[in-house]
Every structure is written in structure tokens, then in C-alpha cells.
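Here is the structure we will look at, set down as C-alpha cells.
Protein chains in written order, with the UniProt record's numbering: chain E, 1 to 78; chain S, 1 to 259.
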């Protein structure tokens, strides 16, 4: 019985942790959208900034990956 | 974890995480320090593929490059330009290291996309070693080049004086989180992508056999697998690119620590 409750808590926690991915999705969309709006204003400067774009996306995405990892740990390691 | 045998379960069941199990290549003894496992095999394969590409690309050099030579030159030029642009002209001494990192990760990612292959970069043990090597290299380079001046990286001299200790604390924490996020980003992306593909791949036959809706849903699921596979090809390249470009960014911080 007690183990079942712990199991249930782990699964609920894993589901809650997945909300973090939504936040990182908003962040990545923000970065890409702002890049696009800037790039359309000044297309000649856009090509040189793709590296910056990917760095920004990587930083925003890392936090979503962290929450994914928490979910995985709750599912398989706890 | 998912290492137990699933023999007692009947019917159609699927285990999307089973593809990440490390098992010995010969026999089924325990996995020790020097056991040859499927990880060893696929790492060796990616190294052999890189050597083959580079040796074949540079052996018959011609002014009009062939296919293999074009790809080799493309990869070389791409990484060289990245190091020069992001890390600065004085960082080109680290170009061989960064090129090695990129080629290994990109080949491991792409070979992992083959059916029945093993993705070595989906294991934290592999990516953590890569990220820790970058972290140690960057820190040592910073201290060798600038001595104690490297600590200026943490002391934001453009900020108002009362704020600086707080910022220094944040900078120190973010510096030490670097290897964690650096390794988990690659591993998480690879593992999540492959798990999703397996989930969809198992979903298609399961719904076909279980409900009357199967004939409608299964084609959609198969199309979704193809779409996700296409996305994974993109992700495999982008994650290798991101890993390399972050290495360049960290290297730039070490070479020019002043804010």
C-alpha cells in the first residue's frame, strides 16, 4: 500500500515535471520568432546571426531538457 | 531500471527504453570495465566512418573535388569558420580538438539513427565525459593564459559595485552548471527523440490489432514515424552543432575573460 502511494506520487511528479517542457517551448518559440522578425527587417544581417540564434535556442531548450530528465528519473530511477 | 527480462508479459507490449540497454556483444556475462559491449561497437563504427571519410577524402586530392572530398572539405571549412567566428582568431589552435568533437558527435548521432543501431550519445556516461573534457580544457586554458586574471570572468566590472558580489555568485554557479547542461542537452535530445520514435513505432501495430479504428489510425501513425524520423535527422545535426558552438563560446570566455 505504501509502495503504491510512492509509485503514484512518482508518476504524478513525472507528469508535473513535463509542464516545464511547455515553458521551454515558449522560450524557444520566443527566440526563433524574435530572430525571424529581426531577420525580416534586415535580411542582410541575418546570415551572420544564425550562430547566436542556435546558442539562444540551446540555452532556452536546456531547461526543458532538465524537466524531461526529472520526469525520467521519477519514472525509472526512483 | 528496464534491465529485467520482460518474458512474463504476454501479448503486444512495447518497451521504448529497452533500446538504451548496454549489453555485452559476445555472451551475456556481466558488463565490466573492459567488456566489449554494443556501445563499444557503435563508437568504433563511428570512429571508423570518420577515418574512412577523411582518409578517402584526402587521399585522391584533386582541384575539382569528388563527392567524398567535397564532404570532407565542407566539414572542415564549416568547423574552421565556426571556430574563427565564435571563438576568435587566436582560438584556431584548438581547431583540431573542436573538429574531433564535432565529427564524433555528428557521426555517433547519425549512425544511431540507423534501424537497430545503438545511439552512443544517448548515454550520459558518454556525453558527460565529452562535456567534462571541454570544461577541464577550458578552465586550464583560462588559468594558463591569464593566471589569476581568469577569475575576472566572474567579476563583472561593468556592473555597479554593490551588485558585483551577487553577480559573481551567479556567474560562479552558472560556470559550474555548464558541464551539466552541456552533457544533458545532447543526451536528453538523443534519448527523447529515439524514445518517441519507438513509442510511435509500437503504437502502430498495437492499435491495428486492438480496436476497429486501427485501419484509420495506423497509417497516420506510420506517417508520424516518418515525420519524426525527419525531425530526428535535423536534431542529430543541430545537437552536434550546438555542442560544438557552445565549446567555442566557452573557449572564447577562457581566452578573453574580461567582461
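Don't be surprised by glycine CBs; every beta carbon is placed ideally from N, CA and C.
Remember, it's a predicted structure, so these values are computed and weren't measured experimentally.
Three-way DSSP call (helix, strand, coil) for residue i in this model
i	result
residue 35(S)	coil
residue 24(S)	strand
residue 4(S)	Because residue 4(S) sits at a pLDDT of 45, beneath the cut-off of 50, its placement in the model cannot be relied upon, and the following sentence gives the value as read from the coordinates. DSSP places residue 4(S) in coil when its eight states are reduced to three.
residue 64(S)	coil
residue 154(S)	coil
residue 78(E)	coil
residue 116(S)	coil
The alpha helix (DSSP H) enclosing residue i, as first and last residue numbers
i	result
residue 30(E)	19-41
residue 194(S)	164-210
residue 99(S)	95-112
residue 244(S)	214-255
residue 89(S)	Residue 89(S) -> no alpha helix (DSSP H), and no H or E assigned at all.
residue 161(S)	First-last for residue 161(S): undefined, no H or E at that position.
residue 69(E)	50-72
Cutoff 7 Å: residue i Cβ touching any chain E Cβ
i	result
residue 181(S)	yes
residue 86(S)	yes
residue 245(S)	yes
residue 185(S)	yes
residue 188(S)	yes
residue 192(S)	yes
residue 242(S)	yes
Exposure of residue i, with buried meaning 16 or more beta-carbon neighbours within 10 Å
i	result
residue 179(S)	buried
residue 100(S)	exposed
residue 192(S)	buried
residue 5(S)	Reliability of the predicted coordinates at residue 5(S) is poor, the pLDDT of 46 falling under 50, and no value is obtained from them.
residue 87(S)	buried
residue 19(S)	buried
residue 83(S)	buried
residue 221(S)	buried
residue 15(S)	exposed
Within-7 Å CB hit, residue i to chain S
i	result
residue 5(E)	no
residue 54(E)	yes
residue 12(E)	no
residue 71(E)	no
residue 47(E)	no
residue 134(E)	Outside the displayed span of chain E (1 to 78) sits residue 134(E), for which this structure offers no information.
residue 68(E)	yes
residue 17(E)	no
residue 39(E)	no
- Query: Touching or not, the segment 115-135 of chain S and the segment 184-191 of chain S, by the rule of three or more beta carbon pairs under 8 Å?
  - Reply: yes
- Message: Does the segment 28-45 of chain E come into contact with the segment 154-170 of chain S, if we say contact requires no fewer than three beta-carbon pairs (one atom in each stretch) closer than 8 Å?
- Response: no
- Task: Say whether the segment 88-105 of chain S touches the segment 36-51 of chain S, bearing in mind that this needs 3 or more beta-carbon pairs closer than 8 Å, one atom from each stretch.
- Result: yes
- Message: Three Cβ pairs or more, each shorter than 8 Å: is that satisfied between the segment 87-100 of chain S and the segment 230-249 of chain S?
- Response: yes
- Item | Touching by the beta-carbon criterion (3+ pairs, under 8 Å), the segment 104-123 of chain S and the segment 225-240 of chain S | yes
- Are the segment 57-75 of chain S and the segment 35-45 of chain S touching, with three or more C-beta to C-beta distances below 8 Å? no
- Evaluate contact between the segment 142-155 of chain S and the segment 25-36 of chain E, counting only Cβ atoms and requiring at least three cross-stretch pairs below 8 Å. no
- Query: Does the segment 214-232 of chain S come close enough to the segment 61-72 of chain S that 3 or more CB-CB pairs lie under 8 Å?
  - Reply: no
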